[in-house]
Amino acid sequence: MNKWIVRSLLIALLVVAFAAGLYIWSEYRAFNRPWGTEADTFTYEIPEGMGARQIASMLKEKGVIHNVNTFLVVADLRGIGGQLKAGEYEFEGTKTPYEILSMLSIGWAKRHRLVIPEGFTQLDIGKRCEEMLICTKEEFLKACHADPIFAWIVAQAPGGAAAGSEGTLFPDTYLLIKNTPGYKVYEKMRKQFETVWSELRKKIDEDGITGLWWQDNNITAREQALNVLILASIIEKEAKRDEDRPLIASVFVNRLKKKMPLQSDATIHYFLNDWSRPLTKADLETDSPYNTYKYPGLPAAPICNPGRKSLEAALRPADTEYLFFMSKSDGSMVFNTTHDDHVNLKNQLKRERQQARDAAEASVAEIQDATVHEMAESQNETIESATPATEQ
26 MNKWIVRSLL
36 IALLVVAFAA
46 GLYIWSEYRA
56 FNRPWGTEAD
66 TFTYEIPEGM
76 GARQIASMLK
86 EKGVIHNVNT
96 FLVVADLRGI
106 GGQLKAGEYE
116 FEGTKTPYEI
126 LSMLSIGWAK
136 RHRLVIPEGF
146 TQLDIGKRCE
156 EMLICTKEEF
166 LKACHADPIF
176 AWIVAQAPGG
186 AAAGSEGTLF
196 PDTYLLIKNT
206 PGYKVYEKMR
216 KQFETVWSEL
226 RKKIDEDGIT
236 GLWWQDNNIT
246 AREQALNVLI
256 LASIIEKEAK
266 RDEDRPLIAS
276 VFVNRLKKKM
286 PLQSDATIHY
296 FLNDWSRPLT
306 KADLETDSPY
316 NTYKYPGLPA
326 APICNPGRKS
336 LEAALRPADT
346 EYLFFMSKSD
356 GSMVFNTTHD
366 DHVNLKNQLK
376 RERQQARDAA
386 EASVAEIQDA
396 TVHEMAESQN
406 ETIESATPAT
416 EQ
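According to our numbering, the sequence shown is numbered sequentially starting from 26.
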């Protein structure tokens, strides 16, 4: 009898052990294979304060896991049960629950493509960050104020931006999560700028180029960099085509050497913080350290954040004697050495634009006349067809 009881207990234990092993193996396999397909992918934002059990329940409801307790046990065994982080996550159907648990533990939230075009100002960047829900404009501008590269600049940038940080935020595409602290966004853009700037400066040093307009032993390397950035920012706002950038740079450098005012409309638009309209005479006479009509030399600080091509053009301008340039309607630039040639070209372009307007107006008038004539003929035909025939 005792032997039978012992044998029965052993068999029961073996059955339980086998069942437990089968269950664990089944759970292990389920936890280490994709929970769905690519089409099942969804985005979910885990709020602050949401605990591991609540997260597991949400994942079960969404079909990512089939057992809340298994998820919690695995998390505890890995020592990360209390480390699951809030944020917006993309739960891909091709990932396993184990990979998703790892993603939640390290906070690998969904990255958004923050595209910053060349020529954006700090204000533009702040607004774009806010639109993308990366951070608020105020947070970003606060970070710009807290740690500017050119801290000695006293000029005021428009809209409460930091003049000492303008120009040092590299235009690029950044992958960032929602609600990133503003200072981290700022640091990422500035680090990218420093990387590109180092590459460009290293190339000049390797090529052994000397005698460039900004190379001056009487000022610090950082002051030299500021001068290049200011010019690059103006080039960025003035140029429409890459091939024109070195030529535009040469115009401004030649004017600097001759102590002529740069007379860049872009610098006026910047301190007015209005790029939507033509400048007036009153605008050109406004007193500002950014007014390159009123004051010769470079303005007080950069007027935007230039891209690589504009930085290259400012560092290595073309070798010309040009002092003037003018933008044509197709975006191309025309360059001149003398003021008379510049004025003649300006008058010629005005005449051409007026002729084009006159031709367009004449064409519209012809179309209108033809339309009126067709309508009159059509009306006459309608009247004739409606008139009864005269009886004979």
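Glycine included, every Cβ here is placed at the ideal spot set by N, Cα and C.
Please read all numbers here as calculations on a predicted model, not as lab measurements.
Just how far apart, CA to CA, sit residue i and residue j?
i: isoleucine 36; j: asparagine 27; result: 14 angstroms
i: arginine 378; j: phenylalanine 145; result: 30 angstroms
i: threonine 305; j: threonine 66; result: 55 angstroms
i: arginine 138; j: glycine 207; result: 16 angstroms
i: glycine 118; j: alanine 77; result: 20 angstroms
i: leucine 348; j: aspartate 197; result: 32 angstroms
i: alanine 385; j: isoleucine 259; result: 34 angstroms
i: alanine 414; j: aspartate 383; result: Because the pLDDT of alanine 414 is 43, which lies under 50, any placement of that residue in the model is unreliable, and the number read from its coordinates should be weighed accordingly. Rounded to the nearest angstrom, the two C-alpha atoms are 48 angstroms apart.
i: glutamate 268; j: serine 352; result: 13 angstroms
i: histidine 364; j: arginine 376; result: 18 angstroms
i: leucine 287; j: threonine 362; result: 14 angstroms
i: phenylalanine 277; j: leucine 256; result: 8 angstroms
i: leucine 5; j: threonine 95; result: In the structure as shown, the chain starts at 26 and stops at 417, and residue 5 therefore has no counterpart that could be examined.
i: phenylalanine 350; j: alanine 246; result: 30 angstroms
i: valine 253; j: proline 342; result: 11 angstroms
i: phenylalanine 360; j: leucine 340; result: 20 angstroms
i: leucine 97; j: glutamate 164; result: 37 angstroms
i: glycine 236; j: alanine 307; result: 39 angstroms
i: arginine 464; j: serine 82; result: The structure shown has nothing for residue 464, since the chain only spans 26 to 417.
i: alanine 182; j: tyrosine 295; result: 8 angstroms
i: tryptophan 300; j: lysine 87; result: 48 angstroms
i: leucine 374; j: threonine 311; result: 28 angstroms
i: glutamate 52; j: glutamate 124; result: 15 angstroms
Looking at residue j and residue i, is the spacing between their C-beta atoms short of 8 angstroms?
i: glycine 189; j: asparagine 330; result: no
i: isoleucine 150; j: isoleucine 159; result: no
i: threonine 317; j: proline 327; result: no
i: asparagine 298; j: glycine 184; result: yes
i: arginine 333; j: valine 221; result: yes
i: proline 59; j: threonine 121; result: yes
i: serine 354; j: arginine 270; result: no
i: leucine 102; j: isoleucine 80; result: no
i: methionine 214; j: leucine 200; result: no
i: glutamate 261; j: glutamate 143; result: yes
i: proline 321; j: lysine 282; result: no
i: glutamate 337; j: leucine 225; result: yes
i: glutamate 115; j: threonine 62; result: no
i: arginine 266; j: serine 388; result: no
i: proline 314; j: alanine 176; result: no
i: asparagine 279; j: glutamate 219; result: no
Please go through the same chain and pick out, in chain order, the residues whose beta-carbon is closer than 7 angstroms to the beta-carbon of residue i, but skip the five residues on each side of it.
i: glutamate 263; result: Ile273, Ser289 and Ala291
i: cysteine 169; result: Gln147, Ala186, Ala187, Ser190 and Tyr211
i: isoleucine 30; result: none
i: proline 173; result: Ala187, Gly189 and Ser190
i: alanine 100; result: Ala77, Gly106 and Leu126
i: lysine 85; result: His91 and Val93
i: glutamate 429; result: Residue 429 is absent from the model: the chain starts at 26 and stops at 417.
i: methionine 157; result: His137 and Leu139
i: lysine 371; result: Met351
In this structure, what does DSSP give as the bridge partners for residue i?
i: valine 140; result: Thr198
i: glutamate 231; result: DSSP output for glutamate 231 lists no bridge partner at all.
I need the boundaries of the beta strand (DSSP E) containing residue i, first residue and last residue.
i: phenylalanine 350; result: 349-352
i: asparagine 242; result: Asparagine 242 -> no beta strand (DSSP E), and no H or E assigned at all.
i: valine 359; result: 358-361
i: glycine 112; result: 112-116
Please go through the same chain and pick out, in chain order, the residues whose beta-carbon is closer than 6 angstroms to the beta-carbon of residue i, but skip the five residues on each side of it.
i: glutamine 417; result: Note that glutamine 417 scores a pLDDT of 36, beneath 50, so its modelled location is shaky and nothing firm can be said.
i: leucine 129; result: Leu109
i: isoleucine 178; result: Ala188, Gly189 and Ala326
Which residues bound the alpha helix (DSSP H) around residue i?
i: valine 99; result: 93-102
i: isoleucine 71; result: Where isoleucine 71 is concerned, there is no enclosing alpha helix (DSSP H), although the beta strand (DSSP E) it sits in stretches over 67-71.
i: proline 122; result: 122-131
i: leucine 237; result: Counting along the chain, leucine 237 falls outside any alpha helix (DSSP H), and DSSP gives it neither H nor E.
i: arginine 341; result: Premise fails: arginine 341 is in no alpha helix (DSSP H) and is neither H nor E.
i: proline 271; result: 270-282
i: isoleucine 159; result: Premise fails: isoleucine 159 is in no alpha helix (DSSP H) and is neither H nor E.
i: serine 82; result: 77-87
i: threonine 305; result: Per DSSP, threonine 305 belongs to no alpha helix (DSSP H) and is neither H nor E.
i: tyrosine 295; result: 290-297
Tell me which same chain residues have a C-beta within less than 8 angstroms of the C-beta of residue i, skipping the five on either side of it?
i: glutamine 249; result: Trp239, Gln240 and Asp241
i: glycine 112; result: Glu70, Ile71, Gly132, Ala134, Lys135, Ile202, Lys203 and Asn204
i: glycine 74; result: Ala111
i: aspartate 344; result: Ser275
i: leucine 309; result: Ile293, Asn316, Tyr318 and Lys319
Strictly under 8 angstroms for the Cβ-Cβ distance: is residue i near chain B by that measure?
i: lysine 228; result: Among the chains in the structure shown there is no chain B, since it carries only a single protein chain.
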